[in-house]
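Residue numbers (the numbering used here): 11 to 231.
Virtual Cβ for every residue (Gly too), placed ideally from N, Cα, C.
Encoded as structure tokens, the structure appears first; notes follow it.
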């Protein structure tokens with residue numbers, strides 16, 4: 011097996027182990043055993059667990075960022091719902107690793123880890139703006155989108171701690187949360203109001219945004 015092929019194998023093995031347990035609980039010996047090689051050989055390819063964790067994190071962050079990519083077809087609410095489905099697929103697959111990354115782990119605080127986490131957030135931010143057809147977002151819109159991305163992260167972390175709310179409900183709720191954040195901002199700013207009206211103009215009554223409007227009307231009644 012070539013050098014790069016072996017490195018990629020080790021990254022895959024490490025990512026699988028880090029996904030099932032907190033990285034703090036995974037040893038180099040376990041990684042070596044799972045890869046079918048000796049401990050010294052792991053160190054031949056990576057200087058330590060931290061560097062291997064960061065390499066695995068790079069692969070995971072690329073995967074997560076790619077899940078925000080969605081064709082610009084159909085109503086925004088339906089697009090966001092599909093994105094949230096893929097987002098929670100990732101959270102499901104990498105639960106302990108996702109939690110360790112967001113709450114604290116062996117590489118937390120390093121410049122590499124921080125950069126990777128920020129790159130995922132920025133990728134999500136750029137994707138949402140592209141779906142809104144906005145290239146130069148005003149301050150209020152930037153606040154809405156970045157707040158929503160943070161909300162998705164915290165919601166996923168809370169959900170992982172016991173999974174007490176059905177996943178599908180949370181995915182729909184996060185789409186509704188985006189609409190709610192946008193609506194509150196629109197109540198204070200005419201430009202945001204115009205954006206909100208443009209978004210809602212393409213939303214069917216049976217879509218996620220239409221469902222939210224129906225629920226709020228029923229609640230008010």
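Under DSSP, the alpha helix (DSSP H) around residue i begins and ends at which residues?
| i | result |
| --- | --- |
| residue 142 | Where residue 142 is concerned, there is no enclosing alpha helix (DSSP H), given that its DSSP letter is neither H nor E. |
| residue 22 | 13 to 30 |
| residue 52 | 49 to 55 |
By Cβ distance, which residues of its chain are closer than 8 Å to residue i, with the 5 residues on each side in sequence left out?
| i | result |
| --- | --- |
| residue 91 | 181, 182, 185, 218 |
| residue 129 | 71, 75 |
| residue 147 | 139, 155 |
| residue 27 | 36, 40, 41, 44 |
| residue 175 | 169 |
Mapping DSSP to helix, strand and coil, what is residue i?
| i | result |
| --- | --- |
| residue 214 | coil |
| residue 42 | helix |
| residue 106 | helix |
| residue 121 | helix |
| residue 162 | helix |
| residue 199 | coil |
| residue 61 | helix |
| residue 186 | helix |
| residue 232 | Because the chain is modelled from 11 through 231, residue 232 falls outside the range shown and cannot be assessed. |
| residue 100 | helix |
Might you give, ordered along the chain, the residues of its own chain that have their beta carbon closer than 6 Å to the beta carbon of residue i, omitting 5 neighbours on each side?
| i | result |
| --- | --- |
| residue 195 | 150, 154, 202 |
| residue 24 | 41, 62, 66 |
Quick check on residue i: buried or exposed, where buried means 16 or more other Cβ atoms within 10 Å of its Cβ?
| i | result |
| --- | --- |
| residue 36 | buried |
| residue 41 | buried |
| residue 179 | exposed |
| residue 89 | buried |
| residue 145 | exposed |
For residue i, which residues of its own chain have a beta-carbon under 7 Å away from its beta-carbon, when the five flanking residues on both sides are left out?
| i | result |
| --- | --- |
| residue 78 | 93, 133, 134, 137 |
| residue 162 | 97, 184 |
At least 3 beta-carbon pairs within less than 8 Å: the region 161 to 172 vs the region 94 to 104: yes
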